[in-house]
Each structure stands twice: as C-alpha cells, then as structure tokens.
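Enquirer: Submitted below is the structure of interest, expressed as structure tokens.
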Amino acid sequence: MSWLLAAIHRHAAAALRGRGGGGLAHVVRTAVQLLASPWAALRRGVASGGIRRLSKGEKREARFSRIKAGHRRKAERAREQRALAVSAERQAREEWLSTLSADERATAERERHDECIASRRAADDARAARAAEAARLSAALESGARVAIDCTYDTLMSAKEQKSLARQLCYAYAANRKLERPFALHVCGLGACTQLPLPAGFERWHVRTATEEACAHFARERVVYLTPDSLNVLDAIDERDVYVIGGLVDSCIKKRASLSRAERWGVRTARLPVHEHASACKPVLTINGVVDLLAALRETGDWRAAFQAVELAGRRPEQQPGRGRPPAADDGVGQAAGVAGPRDAGTSADTCDAPSDGRGHDAGVNA
-9 MSWLLAAIHR HAAAALRGRG GGGLAHVVRT AVQLLASPWA ALRRGVASGG
41 IRRLSKGEKR EARFSRIKAG HRRKAERARE QRALAVSAER QAREEWLSTL
91 SADERATAER ERHDECIASR RAADDARAAR AAEAARLSAA LESGARVAID
141 CTYDTLMSAK EQKSLARQLC YAYAANRKLE RPFALHVCGL GACTQLPLPA
191 GFERWHVRTA TEEACAHFAR ERVVYLTPDS LNVLDAIDER DVYVIGGLVD
241 SCIKKRASLS RAERWGVRTA RLPVHEHASA CKPVLTINGV VDLLAALRET
291 GDWRAAFQAV ELAGRRPEQQ PGRGRPPAAD DGVGQAAGVA GPRDAGTSAD
341 TCDAPSDGRG HDAGVNA
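End of the sequence shown sits at 357 in this note's numbering; the numbers just go up one at a time, nothing left out.
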C-alpha cells in the first residue's frame, strides 16, 4: 500500500499546485481511480485467464509460509533483544562493581564464579541425561519390544483429525522417551498419509519409519493388530511380536475399521481390556494412552495394576490418594494419561462427545 499512498500524495500535490490550492474534487477522483485501477486490472486478468486462482491447498501453503516467516522474524527479534539485555546487564554489573571496595568486589567475583560453575554443571548434567536418553532409545530400536503406529487411515480422517493424530504422535514419542525400557517405535504408512502434518523435528526422532503400512512392513506371523473390535484380549507383552496401533482419529465412530484391515492381511488381533478395568464410564484411548498402558503392562504383568498406574499418573495432584479433596463421582477419575473418555471393551474408540483429557486430544484413537 505504500506505493499507492505515494501516488495519491503525488497526484494530490500536483493538482493543488495546478489549481492554486483548490481542486479537492479532482484529488478525490484521482484517489478513487488509483484505488480502483489495481482491482480492475486483477479482475481483467482473472477473466482473461492470465491470472490463475489459487486452490485451497495453495492458499493454505502460502498462509503457512507467511506464518513461518513471521515466526522467523519474531525469533530474530527475540535474539536481538536477548543480546541487548545481556549487554545491559553486563554494563550494569560493571557499574555496580566499580562502587564496591576491593574486598567486596573479590567476594562478589567469587560468588559469580561459583554461580557459573553450578550453571555449567547443570548444563553438563542435562547434556549427559540427553545423551543417556538417546542411547537408551537407540538400544531400544535395536532390541526393544516393537510398537508400530499405522498411519494409512488418511482417507477416513479430516484435516482436523489428521492434525490431532500428529499431536498424539508427539505425545506418544514423549511418553516413550520417559520410559526406563522404551519401546522400539515404528511409524508406518507415511507414503500413503501424505497430508499428515508431521511435527517439526520429526526427522530427528529416535523412531523407525516406513512408507508401507505396518502389516506389509513386518513379518505377518509376528504382527498383533490392536483393535477394539477383536474377540481376543491381550494378556502379556511378547518381546518378539510387533504391536500395531491403528492411527485413526475419528470424531465419530468408524466401527471395524482396524479389524477389517487386520483380517484382510490375515494377522492376529487383540484388544486391551478397557471395559473390564478402566474406571471411566466411557474410556477412549489415544495413541499415547495405548503406549502408556502397554508400558505399564510390561512392567507390572497385570492389567489391573497397569490401569491403576496409568490412571494415577493422569490425575491432578488434588486427586492423588491422601492429597486434597477426594474425587467426586463425576470428577473424571478415569481420565488417565491418554484416556479421553469409551466405546466398548477395546483399545480405543471415538465418540463425538468424548471429554478432553486436557492435553489437546479432541478424539480417541481406533487402535
């Protein structure tokens, strides 16, 4: 718009000079013509086919590009502000030190030195913890129990549901990172699910990826497809098997979607005993909820203890036993980590009115 304002100003000045300070109507007409000319040219270009209308996808990509550019500019400004703040703090400290006596200055320098040493040790500890975590995850990829997330349900999900699936992948990976014995996570079907908005930094995750779906990627005799419609209950974790979670986030139930997929490939199926052990009236499991439960089952060997451990971890502090008020009957006690609220005795189910677990999942997962 700067060029337009400059043109209006230029024409207005010329009109005023030529008419001795008058000619307001001419200035207004000139401004209207200048404002209308770009839009008229645009309409002529669209009508003649010289200018192509953008599709919804192209508009969305352009919008994301503008947002990313804005984020980059914001990060650059934040870096500049931090640099200015550090410089101002250093200058203020020098001015303060100049007002101290020699003994006071030496004491202040020692305290500052001790603070720097403590900060470096904390940073070293954090780096060591990250290195240990990376080593643990790398070892799990080589020899750990395998859990695969099948992302080939993109045709059954809207853009909003795919965004929810991407969030749940983040939560599942974060939950796996915290485990002492993490799973070997596999994300399968990325070749088919091209519209899945994978999170930033996904390429640095300690996971294995595959373009084909999970049943095609692994040996079929070792695949156990977790589906809420299965007649078999998962009893224990076999380190040799691959447990496949269907990456289907549906705001309304799509029955037998994962079971039909498993039957077509001829692989074993199993369900989690949600109905038998979950205390929530409507337990709907998300991807990270399934990962939490599988990890708890592997540690405890008992489903009741596994559900209790996951539900306890998902409660608010005042809902912990012996802390704060006792939970009321409708207080959502069954909303464990990753449990949003049930469908049937299955790994997950998706209901339109399932309550949120407070972490941004707006639907369950058909595992």
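Note that the Cβ used here is the ideal one computed from N, Cα and C, for glycine as well.
1) Going by other Cβ atoms of all chains shown within 10 Å of its Cβ, with 16 needed for buried, is residue 296 buried or exposed?
2) Need the endpoints of the alpha helix (DSSP H) that residue 93 sits in, please.
3) Among 158, 284, 46, 86, which has the Cα closest to the Cα of residue 262?
4) On the CB-based measure, 16 or more other CB atoms within 10 Å of its CB, does residue 324 come out buried or exposed?
5) For residue 141, does the three-state DSSP call read helix, strand or coil?
6) Quick check on the burial criterion: 16 or more other C-beta atoms within 10 angstroms. Buried or exposed for residue 307?
7) Apart from the five residues just before and just after residue 173, which ones in its own chain have a Cβ nearer than 6 Å to its Cβ?
8) Mapping DSSP to helix, strand and coil, what is residue 260?
9) Between residue 52 and chain D, is the shortest Cβ-Cβ distance under 9 Å, so that the two count as touching?
10) Judging by CA-CA distance, which residue of 178, 196, 207, 190 is the nearest neighbour of residue 120?
11) Are the CB atoms of residue 256 and residue 248 within a distance shorter than 9 Å?
12) Given residue 204, which residues of its chain have a CB within under 6 Å of its CB, disregarding the five upstream and five downstream residues?
13) Out of 240, 277, 75, 225, which has the shortest C-alpha to C-alpha gap to residue 292?
14) How about residue 129 and residue 278: are their beta carbons less than 9 Å apart?
15) Beta-carbon within less than 8 Å of residue 169's beta-carbon, same chain only, minus the 5 sequence neighbours each way: which residues are those?
16) Leaving out the 5 sequence neighbours to the left and right, which residues in its chain are closer than 6 Å to residue 232 when beta-carbon positions are compared?
Expert: Result, derived from the coordinates:
1) Locating residue 296 in the sequence shown gives position 306, where the first residue counts as 1. It is buried - the Cβ of residue 296 has at least 16 other Cβ atoms within 10 Å.
2) Numbered from its first residue, the sequence shown carries residue 93 at position 103. Residue 93 -> alpha helix (DSSP H) spans 92 to 133.
3) The count along the sequence shown starts at 1 and reaches residue 262 at position 272. Among 158, 284, 46, 86, the Cα nearest to that of residue 262 is on 284.
4) To locate residue 324, count along the sequence shown from 1; it is residue 334. Confidence at residue 324 is low in this model, with a pLDDT of 29, below 50, so its placement is unreliable and the value that follows should be read with caution. Under this definition residue 324 is a buried residue.
5) Within the sequence shown, numbered from 1, the residue matching residue 141 stands at position 151. Three-state result, residue 141: coil.
6) Stepping through the sequence shown from its first residue, residue 307 is reached at position 317. Low local confidence applies: a pLDDT of 40 at residue 307 is under 50, so the model's placement there is unreliable, and no value is given.
7) On the sequence shown, position 183 is the one that residue 173 refers to. Excluding positions up to five away in sequence, the list reads 134, 135, 137, 166.
8) Counting from 1 along the sequence shown, the entry for residue 260 is found at position 270. Residue 260: strand per DSSP, three-state reduction.
9) Among the protein chains of the structure shown there is no chain D, as only one such chain exists.
10) On the sequence shown, position 130 is the one that residue 120 refers to. Answer by Cα proximity: 196.
11) Start at 1 with the first residue of the sequence shown, and residue 248 comes out as number 258. Start at 1 with the first residue of the sequence shown, and residue 256 comes out as number 266. Not in contact: residue 248 and residue 256 (Cβ atoms no closer than 9 Å).
12) Along the sequence shown, read from residue 1 onward, the residue named residue 204 stands at position 214. The answer, listed in chain order, is 138, 140, 178, 234.
13) Locating residue 292 in the sequence shown gives position 302, where the first residue counts as 1. Comparing Cα-Cα distances from residue 292 to each of 240, 277, 75, 225, the minimum goes to 225.
14) The count along the sequence shown starts at 1 and reaches residue 129 at position 139. The count along the sequence shown starts at 1 and reaches residue 278 at position 288. Cβ atoms of residue 129 and residue 278: not closer than 9 Å.
15) The sequence position of residue 169 within the sequence shown is 179, counting from 1. Taken in chain order, the residues that qualify are 285.
16) The residue given as residue 232 occupies position 242 in the sequence shown. In the same chain as residue 232, and ignoring 5 residues on each side of it, the C-beta atoms closer than 6 Å to its own belong to 136, 138, 208, 212, 213, in chain order.
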